[in-house]
Amino acid sequence: MPGEIELSEDLREYLDRLPDLDLDLLIEAYRRPLPTSFRVNTLKMDEREILEMLVERGLSFRKIPWARYGYVVEDESIDLGKTIEHMLGLIYIQAPISMVPVEVLDPKPGEKVLDLCAAPGSKSTQIAQLLGGVGVLVANDISFERVKALASNLQRFGVLNVIVTLMDGRKFPRFARGCFDKVLVDAPCSSLGIVSKNWGIARSWSPEIAKRLSKTQRQLIVAGFDCLKPGGELVYATCTLTVEENEMVIQYLLEKRESAILAEIELSSLRYRRGIVEWDDMRFDEELRKTIRIMPYDNWAEGFYVARILKEGDS
Amino acid sequence: MKLINLRERKFLENRLRSLYGVEAGFGDLVLIKCGRGRIRATTKETLELASRLRGIQQIGLYVMKVANGDISLSVEGSQLLGDEIRSNVIKLDEGQVEKWMKAIPIKMEITYRGRYVVGKFNGLYLGSARVSKNGLLYPQIPKWRRIPVARTQNNKHNRSP
Chain A
367 MPGEIELSED LREYLDRLPD LDLDLLIEAY RRPLPTSFRV NTLKMDEREI LEMLVERGLS
427 FRKIPWARYG YVVEDESIDL GKTIEHMLGL IYIQAPISMV PVEVLDPKPG EKVLDLCAAP
487 GSKSTQIAQL LGGVGVLVAN DISFERVKAL ASNLQRFGVL NVIVTLMDGR KFPRFARGCF
547 DKVLVDAPCS SLGIVSKNWG IARSWSPEIA KRLSKTQRQL IVAGFDCLKP GGELVYATCT
607 LTVEENEMVI QYLLEKRESA ILAEIELSSL RYRRGIVEWD DMRFDEELRK TIRIMPYDNW
667 AEGFYVARIL KEGDS
Chain B
72 MKLINLRERK FLENRLRSLY GVEAGFGDLV LIKCGRGRIR ATTKETLELA SRLRGIQQIG
132 LYVMKVANGD ISLSVEGSQL LGDEIRSNVI KLDEGQVEKW MKAIPIKMEI TYRGRYVVGK
192 FNGLYLGSAR VSKNGLLYPQ IPKWRRIPVA RTQNNKHNRS P
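Protein chains in written order, with my numbering: chain A, 367 to 681; chain B, 72 to 232.
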């Protein structure tokens, strides 16, 4: 990309205040393009057979250690998006850290899973793959245009046991309270973890954006939590770095719902740091250390925040 | 969206048998009509949960289109039936698959029964193609999932001003 990345004054000042952040490394990560990675679709064909087809095509790749079925492309000379394997749904192009939230959610065959903010469907297809055709996935989004992309991706991936809904996720508990074993809230966010895709994000960021999104995220996480059965599990994820959109959202849920308990996250070979418990003049619940922050320079990929929350009670 | 009744299901199974040699049909999957002859398939459990929800845009997989007694299988519909499909299957080589996925007509020497055939490559089914009287196959790949056709210099010149 030509030129120099530009951070808004507000953003520079904000990032300076964030603990455990190396601004020079962050800017370096923003400058680098994201690695191309994909998942193989075991709903359609055996993993080994798909990999053999890709090798025959001349593609070289290596396994992503934290994602079942995930691979990073080592040679970018082939446009994966134009391959037969992609068009047939044998592979799904998805960034490497974006695979983390569903790995943490760990859907099992037979479960009922809700993806509350599902479009364009990367994580929904990943959930469907781990369900293995047994159980039900509900993939919801608020935008009609985005739902069209979601529906196309689920079709190409060959998902039978799916319901696509178009709805404001905050209204979901009105008719689906206590319905799901697992819920993913991959909330809309200010996207500071994926600036390398679009430098404009860093130029136009302001604290007001984070505050406005934080309000929506709080409503979404409570709605998602209310859709869980007792004993169920929710994963909250964003691809941003602000405390307002991450730790403060989890703190809000813990205060609003007594049955919400944070759980540890363990992923092999992924570099990350623990959630923040002190920031400005605020002190959060110590349990927030169980949440994880992944900086873009930790793995030279996207930045993400992930929290795993259990709902007390017998399933 | 409307569930397919027993009589309609029997009709579909008969047509699948006579056109593609499919004996077991879609087994215990639920079939749903979703307008303009399109049929989707899903599981009973999925349908049960759907009865509780609002704002539903679609359920399950689009598997086939029925028009004038003919059945055109979608890519996923044919993959779901897999080796149950015993007739009107054509094996494609890599070059033909590329054309198929670009929805470019393919010339074949053999004549087939019926108006549709199913493509197969490397053990994988690729949905139906319509057979024309002059032996050309027109793959029924929807626009959104076609491999984009590269625009050649020639094509550029041929475009209207």
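Using N, Cα and C, we set each Cβ at its ideal position, and we do this for glycine too.
- Within chain B, the C-beta atoms nearer than 8 angstroms to that of residue 517 (chain A) come from 128 and 129, in chain order.
- Listed along chain B is no residue with a C-beta nearer than 8 angstroms to that of residue 672 (chain A); the closest approach is about 26 angstroms.
- Using a C-beta cut-off of 8 angstroms, the stretch 387–400 of chain A makes no contact with the stretch 421–440 of chain A, since fewer than three inter-stretch Cβ pairs fall below that distance.
- With 16 or more other Cβ atoms inside 10 Å of its own Cβ, residue 455 (chain A) counts as buried.
- In the DSSP annotation of this structure, the continuous segment of the alpha helix (DSSP H) that includes residue 664 (chain A) starts and ends at 662–665.
- Within the DSSP secondary-structure output, residue 645 (chain A) pairs in a beta bridge with A:648.
- Residue contact with chain B for residue 411 (chain A): present (Cβ-Cβ distance below 8 angstroms to some residue of chain B).
- Chain-order list of chain B residues neighbouring residue 545 (chain A): 120 and 123, by C-beta distance under 8 angstroms.
- For residue 599 (chain A), the enclosing beta strand (DSSP E) starts and ends at 594–604.
- Non-local beta-carbon contacts of residue 543 (chain A) in its own chain, meaning distances under 8 angstroms to residues more than five positions away in sequence, involve 592 and 593 in chain order.
- Annotation for residue 547 (chain A): the continuous beta strand (DSSP E) segment containing it runs 546–552.
- DSSP places residue 435 (chain A) in no beta strand (DSSP E); its state is neither H nor E.
- For residue 172 (chain B), the neighbours in chain A by C-beta distance under 9 angstroms run, in chain order, 450, 453 and 454.
- In this structure, the straight-line span from the alpha carbon of residue 531 (chain A) to that of residue 123 (chain B) is close to 12 angstroms.
- Going by C-alpha positions, residue 75 (chain B) is about 10 angstroms away from residue 83 (chain B).
- Cβ contact annotation for residue 211 (chain B) (same chain, cutoff 7 angstroms, sequence separation greater than five): 143, 198, 199, 200 and 201, in chain order.
- Sequence-distant Cβ neighbours of residue 391 (chain A) in its own chain, meaning closer than 6 angstroms and more than five residues away, are 663.
- In the DSSP assignment, residue 616 (chain A) falls within the unbroken alpha helix (DSSP H) covering 613–622.
- For residue 220 (chain B), the closest Cβ of chain A is not nearer than 8 angstroms.
- When Cβ-Cβ separations below 8 angstroms define contact, residue 542 (chain A) makes contact with chain B.
- Not a single C-beta of chain B is nearer than 8 angstroms to the C-beta of residue 406 (chain A).
- Within chain B, 125 and 126 have C-beta atoms less than 7 angstroms from the C-beta of residue 533 (chain A), given in sequence order.
- By the C-beta criterion, the stretch 549–569 of chain A is judged to be in contact with the stretch 595–609 of chain A, since at least 3 inter-stretch pairs fall below 8 angstroms.
- Taken in chain order, the members of the stretch 475–497 of chain A whose beta-carbon sits within less than 8 angstroms of a beta-carbon on chain B are 478.
- By the neighbour-count criterion, in which a residue is buried when 16 or more other Cβ atoms sit within 10 angstroms of its Cβ, residue 571 (chain A) is buried.
- Not flagged as an interface residue toward chain B: residue 679 (chain A), since no C-beta distance is shorter than 8 angstroms.
- If you draw a straight line from the Cα of residue 126 (chain B) to the Cα of residue 511 (chain A), it comes to about 14 angstroms.
- The alpha-carbon of residue 434 (chain A) is positioned some 28 angstroms away from that of residue 100 (chain B).
- Counting only residues of its own chain and dropping the five nearest sequence neighbours on each side, residue 94 (chain B) has a CB closer than 7 angstroms to the CB of 88 and 155.
- Every unbroken stretch of the beta strand (DSSP E) spanning 3 or more residues and falling wholly within the stretch 483–528 of chain A is given here in chain order: 502–507.
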